[in-house]
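Reading through the structure tokens given below for one structure.
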Amino acid sequence: MTGGGALLGSDRCRHAEHVMGTVVSFDVPARAGEPRGPAGQIGGPLGQAVRWLHWVDATFSPYRDDSDVSRFGRGALPLADCAPELAEVLEACAAISARSGGYFTTTPGGTFDPSGYVKGWAIERAAAIFTAAGSAEHSVNGGGDVQFVGSRLWRVGIADPLRPGRLALVVAGRDFAVATSGVAERGAHIIDPYTGQPPAGLASITVVGATLAETDAFATAAFAMGAAARDWVESLDGYEAFAITAAGATWQTSGFGAYLG
Amino acid sequence: MRRVILAVTGTIAGLVALLSFKSHVPSIPVAATTGGSGSSSSSSSSSSSSSSSSSSSSGGQTTTVPGEFPQGSLAGKLSPGETAVDGKAANTAYGPVQIQLIEQNSKIVKVAVLVQPANTLHDIQIGAFAFPKLISETLTAQDAKIDAVSGASYTSAGYIQSLQSALDKRA
């Protein structure tokens, strides 16, 4: 290993990895993928992060019959025999479910599926791998949910859910996370657990916070709440939100202005 | 809140633009509409393509404006210091889209359309409206130097991914 010093400096590297049913984009120091393997495989912290994400996919995907999550969900594998990270995820999910009045749930479609937390958590952890390796400036974008690390001002375009291909606004911040939930991502995949229907009212909601695991889960819960999300996010310390309603109106929480680019 | 108002204003301006520049979009879409035979439309396409490309390369520093975006790759017509970055082809509600960003000093100075849908009259009308808007938004986003894109839309996921993939290729 060349040590953390190799990860300082302004040269950058971008890498896009297809994993977890989406594309994860890395914006990391130029040498984060080194040293390469004998066949040119990505090494270094970038290789470690990519392997981590594929491990998360294999362990936590509800779409793979042999994943720990699938086997635990159908009662075929006790929690004690699952990857220890599953217990950690369950604990975090329970806390977020309680904080969101049940709008965040690990059984969105009736069966066990903690994906609403796992993706953001996995991306946040992937970003932490670069920090641990000595990088002071990097971002990891998990299909639109982004963890930014570094004291410079990061700028992120928020897709307009009502106008194809266009950005609604630019959000800017330092050392922060941005997550957007909406009907748009993969069809109407978020269900209001109280009605069993896709939530009415919001086209998308963007939540900003310090770390992506909670920020992303809060965005999912907030989207399920619809209009009630405004007061709820307002009540959360350290989180702000911007929403676009199905009718094209917008609202934002009182501190969101600090993040306008 | 000011930005929100600007975004809504932009929408209205976009609709006005639809009405006004539909009459003077001279390139591929119109040729495809009026060309009764495939051959005439394709020859129209190539001539309009080359003329728009040359006009844009003669003014290397000009910003692409609605209705005047170049069709086809500019890779062979770059000025010194410019590099071309192709986005991945992406499926949108309008059909496949692929864009190319021309960069100079890490700033996007031009956007070209490599692939766009232009099959039916319906597509053409949408395309005439949507593409200049997509591209002007791309330039706006790049002028703002965004690092990433958050969120997506099922009708535009492909395009956003294409923009993100072009961003990803900026080393």
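Those sequence lines, one after another, are chains A and B.
For reference, each letter of the first sequence is one residue, going 0 to 260 in numbering that gives the first Met the number 0.
For reference, each letter of the second sequence is one residue, going 0 to 170 in numbering that gives the first Met the number 0.
Beta carbons: idealized from backbone N, C-alpha and C, even for Gly.
This structure is a prediction, so every number in the text was calculated from the model and none was measured.
Using a 10 Å radius around the Cβ and a threshold of 16 neighbouring Cβ atoms, would you call residue i buried or exposed?
i: A/Thr110; result: exposed
i: A/Ser66; result: buried
i: B/Gly80; result: exposed
i: A/Asn140; result: buried
i: A/Ser253; result: exposed
i: A/Glu90; result: exposed
i: A/Arg35; result: exposed
i: A/Arg73; result: exposed
i: A/His17; result: exposed
i: A/Tyr102; result: buried
i: A/Thr194; result: exposed
i: A/Pro83; result: exposed
i: A/Ala93; result: exposed
i: A/Asp144; result: buried
i: A/Tyr116; result: buried
i: A/Ala38; result: exposed
i: A/Thr214; result: buried
i: A/Leu78; result: exposed
i: A/Gly100; result: exposed
i: A/Asp112; result: buried
i: A/Ala246; result: exposed
i: A/Phe248; result: Here the sequence assigns Ala to residue 248 of chain A, which means Phe is not the residue at that position. Exposed, by the Cβ-count rule.
i: A/Thr179; result: buried
i: A/Ala257; result: exposed
i: A/Leu161; result: buried
i: B/Gly71; result: buried
i: A/Leu7; result: exposed
i: A/Thr58; result: buried
Would you verify that the beta carbon of residue i is, or is not, closer than 8 Å to some beta carbon of chain D?
i: B/Gly86; result: Chain labels in this structure do not include chain D; the protein chains are A and B.
Quick one: what's residue i bridged to in DSSP?
i: A/Trp250; result: A/Ala242
i: A/Gly172; result: A/Trp153
i: B/Glu197; result: In the structure as shown, chain B starts at 0 and stops at 170, and residue 197 of chain B therefore has no counterpart that could be examined.
i: A/Asp26; result: A/Arg13, A/Ser138
i: A/Gly208; result: A/Ala176
i: A/Ser203; result: A/Gly181, A/Ile243
i: B/Val112; result: B/Gln70, B/Ile98
i: A/Val232; result: Per DSSP, none; premise fails for A/Val232.
i: A/Leu166; result: A/Ala158
i: A/Asp144; result: A/Gly141
i: A/Leu259; result: A/Val170
i: B/Ser149; result: A/Ile157
Report all residues from its chain with a CB closer than 7 Å to the CB of residue i; omit the five preceding and five following residues, and keep chain order.
i: A/Thr104; result: Ser96, Pro192
i: A/Glu233; result: Thr252, Ser253
i: A/Ala216; result: Ile95, Phe103, Gly115, Tyr116, Gly119
i: A/Thr244; result: Gly200, Leu201, Ala202
i: A/Ala86; result: Leu78
i: A/Leu52; result: Glu16, Val18, Met19, Val23, Ala121, Ala125
i: A/Leu279; result: In the structure as shown, chain A begins at 0 and stops at 260. Residue 279 of chain A is therefore absent and cannot be evaluated.
i: B/Gly150; result: none
i: A/Leu45; result: His14, Phe25, Val27, Ala31, Gly32
i: A/Val49; result: Glu16, Ile41
i: A/Asp80; result: none
For residue i, I'd like the list of residues in its chain whose CB is within less than 6 Å of its CB, leaving aside the five on either flank, ordered along the chain.
i: A/Arg13; result: Asp26
i: A/Asp270; result: Lying outside 0 to 260, the shown extent of chain A, residue 270 of chain A is not represented and no answer is given.
i: A/Ala212; result: Gly119, Trp120, Glu123
i: A/Ala226; result: Gly200
i: A/Gln146; result: Ile122, Glu123, Ala126, Val139, Ala176, Leu211
i: A/Ala15; result: Val22, Ser24
i: B/Asp85; result: Gln99
i: A/Gln47; result: Ile128
i: A/Val55; result: Ala121
Spatial neighbours of residue i within its chain, please: C-beta separation below 8 Å, excluding the five flanking residues on both sides.
i: A/Glu262; result: Residue 262 of chain A is absent from the structure shown; chain A starts at 0 and stops at 260.
i: A/Val169; result: Arg154, Val155, Gly156, Ile157, Leu259, Gly260
i: A/Arg151; result: Glu136, Arg173
i: A/Arg229; result: Ala240, Ala242, Trp250, Thr252
i: A/Leu76; result: Asp67, Arg70
i: A/Ala209; result: Asp174, Phe175, Ala176, Gly237
i: A/Ala171; result: Leu152, Trp153, Arg154, Val155, Tyr258, Leu259, Gly260
- Message: Three Cβ pairs or more, each shorter than 8 Å: is that satisfied between the stretch 120-133 of chain A and the stretch 217-226 of chain A?
- Response: no
- Task: Could you tell me whether the stretch 116-123 of chain A touches the stretch 225-241 of chain A, using the rule of 3 or more Cβ pairs below 8 Å?
- Result: no
- Task: Enumerate, from N- to C-terminal direction, the unbroken alpha helix (DSSP H) stretches of 4 or more residues contained entirely within the stretch 105-138 of chain A.
- Result: 114-131
- Hey, which unbroken runs of the beta strand (DSSP E) at 3 residues or more fall wholly within the stretch 16-86 of chain A? 21-28
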